[in-house]
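Chains L and C are the protein sequences, given in the same order.
Here this note's numbering is used: the first residue of the first sequence is 1, the next is one more, and so on.
Here this note's numbering is used: the first residue of the second sequence is 157, the next is one more, and so on.
Glycine is no exception: its CB is placed at the ideal position from the N, C-alpha and C atoms.
A quick write-up on the structure given underneath.
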Amino acid sequence: MSNAPDDHELRVSKIRSGTVIDHVRGGQALNVLAILGIDGSEGEEVSVGMNVPSDRLARKDIVKVEGRELSQDEVDVLSLIAPDATINIVRDYEVVEKSRVERPEVVEGVLSCPNPGCITTGDEPVDSRFEVLEDGVRCSYCGTIVREEIASLIET
Amino acid sequence: MRHDHLITSKQLSRDDVETVLDRAAEIDADPSSVAGRHAGRLLGLLFFEPSTRTKMSFETAMKRLGGDVVDMGSVESSSVKKGETLADTVRVIEGYADALVLRHPQQGAAKMASEYVDVPLVNAGDGAGHHPSQTMLDLYTIRENAGLEDLTIGIMGDLKYGRTVHSLAYALSNFDARQHFISPESLQLPREVVYDLHQQQGGTQIREHESIEAVLPSLDVLYVTRIQRERFPDENEYQQVAGEYQIDAETLEAASDDLTVMHPLPRVDEIAPEIDDTDYAAYFEQAHNGVPVRMALLDMLLENGGEDDE
């Protein structure tokens, strides 16, 4: 892939410092924002491109967040709904770090189990833990498998 | 078997299962050989849900090994009522006992509890999850009556919430068994369990049915479970559905003479009392097998207690 700015990236403005999440599967941008806990209510500066043509994905979403660098936990969950995503860390308009997301084997303390009978949903001091499957995630405690709408399980 | 805890039958290999069953058979043949073996040791019983057979057979097993039990008692009379977490309760009780047996209404409770204690912990039922010690006595009964090789088994009733069913299905996938699951559509095996069974190496053969008729003549073992009233929105629907999954002498006319009928008990009306005195019935023997099998499990876990897992 060339380092030259993708045509389509020009559709949304450059950011000064923060994170550009590129090559998100078309239609998933709002879930990416949900993972980051961004709903606009706190005045964050966010640019979103949805379903823009892409060589790699045919249609992709792109999310730019000013003033925010992602934590490893956030990247781990991001990888579940946007497995092809590229994370660009920007400082002073320069991309200082560029990486592809990697699917972790386990995500801990990030998703909540949708099974109301699961021990992790009560008052116990235990963190949730999900094993990452090829096509979803599975609660390490009760075994529940979730394949769709994983973003809706993000703990707030 | 080199495990510190017994949480799910999924963790057990065929070797593990056979080791426990062989040990149980030795104990069954000569219970006096292990009398006094664990004298002075205490088993902590933590039952957050009612239990008769499981609790009493663990208690009997421990006492026959020469040990004794300490019992948390009912939830109503314990500090759980004051809002104590399970994680705290097990950490307290592990200081009183050499091993713990836990039954809890929530799935994953035993796994979580095992992460907080160093003494061996046995899952005696976690909600709709697992019940591996029941599975061991089920397998023991199957081996005694029909053998575990080239087995055709029908598992019927509430397959969705029946934890004994989930545990048994996982354990049987270690063996060359054809498993037929017979239930109303609303009480089919959880998709997670089906997913796991399909993932097993060696290609466990499973098939799902809504009626027992077609499959009954081919069965070596029929494992019946109770369909509970509370799983249905109204009484009429329950009566209609449950009636289709009851067996009596007339039903069994189509079965092989060698069929073994099992049930984890308690039964309500899934198996007519007229079956009790026939050669088919193995469910009371199955309940009795809980003692030697749990003696074997406790003996092995107490021997390993405190050592690192492999």
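Sheet register partners of residue i (DSSP bridge)
i       : result
L258(C) : L202(C), N279(C)
Q361(C) : R334(C)
E66(L)  : G18(L)
N31(L)  : In the DSSP output, where bridge partners are listed per residue, N31(L) has none listed.
Q263(C) : C118(L)
C139(L) : F130(L)
E94(L)  : R91(L)
D227(C) : L201(C)
S47(L)  : K64(L)
G310(C) : H336(C), L378(C)
V110(L) : Note: V110(L) sits in no beta bridge, so no partner.
Residue i at chain C interface by Cβ criterion, 9 Å
i       : result
P125(L) : yes
S71(L)  : no
I145(L) : yes
G122(L) : yes
Y141(L) : yes
N51(L)  : no
G117(L) : yes
E149(L) : no
R59(L)  : no
R103(L) : no
R56(L)  : no
Close beta carbons around residue i, own chain, < 7 Å, minus the five adjacent residues each side
i       : result
A443(C) : R209, L421
T297(C) : M418, A438, E441, Q442, N445
R197(C) : G223, D254, L458
P448(C) : A180, I183, D184
E149(L) : none
Span separating the alpha-carbon of residue i from that of residue j
i       : j       : result
G281(C) : V52(L)  : 51 Å
S169(C) : E369(C) : 33 Å
V275(C) : H23(L)  : 49 Å
S18(L)  : V63(L)  : The amino acid at residue 18(L) is misidentified as Ser; the sequence shows Gly. Their backbone Cα atoms lie some 11 Å apart in a straight line.
N330(C) : H419(C) : 21 Å
H354(C) : R450(C) : 30 Å
E205(C) : A34(L)  : 39 Å
A333(C) : A325(C) : 10 Å
V96(L)  : I87(L)  : 11 Å
R16(L)  : L70(L)  : 15 Å
E232(C) : G239(C) : 11 Å
V350(C) : C113(L) : 20 Å
D414(C) : Q402(C) : 19 Å
G143(L) : G251(C) : 30 Å
Q167(C) : K267(C) : 12 Å
E174(C) : D84(L)  : 46 Å
V246(C) : Y436(C) : 41 Å
K98(L)  : E366(C) : 54 Å
H286(C) : F203(C) : 15 Å
R91(L)  : N31(L)  : 25 Å
L293(C) : M312(C) : 18 Å
P261(C) : S235(C) : 17 Å
6 Å CB neighbourhood of residue i in its chain, flanking five on each side removed
i       : result
I145(L) : G136, R138
D464(C) : Reliability fails at D464(C), whose pLDDT of 40 lies under 50, so the model's placement of it is uncertain and no value is given.
I119(L) : Y141
P373(C) : A410
Inter-residue CB distance, residue i and residue j (contact presumed, cutoff 8 Å)
i       : j       : result
A253(C) : L199(C) : 6 Å
D158(L) : M50(L)  : Because chain L spans 1 through 156 in this model, residue 158(L) falls outside it and cannot be assessed.
A327(C) : S165(C) : 4 Å
T416(C) : A302(C) : 5 Å
Q361(C) : Q335(C) : 7 Å
E364(C) : Q344(C) : 6 Å
R259(C) : A284(C) : Actually they are not in contact, since the Cβ atoms of R259(C) and A284(C) sit about 13 Å apart, beyond 8 Å.
D376(C) : T308(C) : 5 Å
R382(C) : V424(C) : 6 Å
V75(L)  : V101(L) : 6 Å
is_contact[residue i, chain L] using C-beta, thresh 9 Å
i       : result
Q167(C) : no
R347(C) : yes
A265(C) : yes
P261(C) : yes
H161(C) : no
D465(C) : With a pLDDT of 39 at D465(C), under the threshold of 50, the modelled position of this residue cannot be trusted, and the question is left open.
T291(C) : no
L242(C) : yes
G462(C) : Low local confidence applies: a pLDDT of 43 at G462(C) is under 50, so the model's placement there is unreliable, with the coordinate-based value given in what follows. No, G462(C) lies away from the interface with chain L (no Cβ there is under 9 Å from its Cβ).
I281(C) : In the sequence on display, residue 281(C) carries Gly and not Ile. No, because no Cβ of chain L sits closer than 9 Å to the Cβ of G281(C).
G318(C) : no
M268(C) : yes
E271(C) : yes
A284(C) : yes
Y436(C) : no
G196(C) : no
Cutoff 8 Å; reference residue i; Cβ partners in own chain excluding five residues on either side
i       : result
A405(C) : A428, E430, I431, T434
D455(C) : R179, I183, V190, R193, H194, L221
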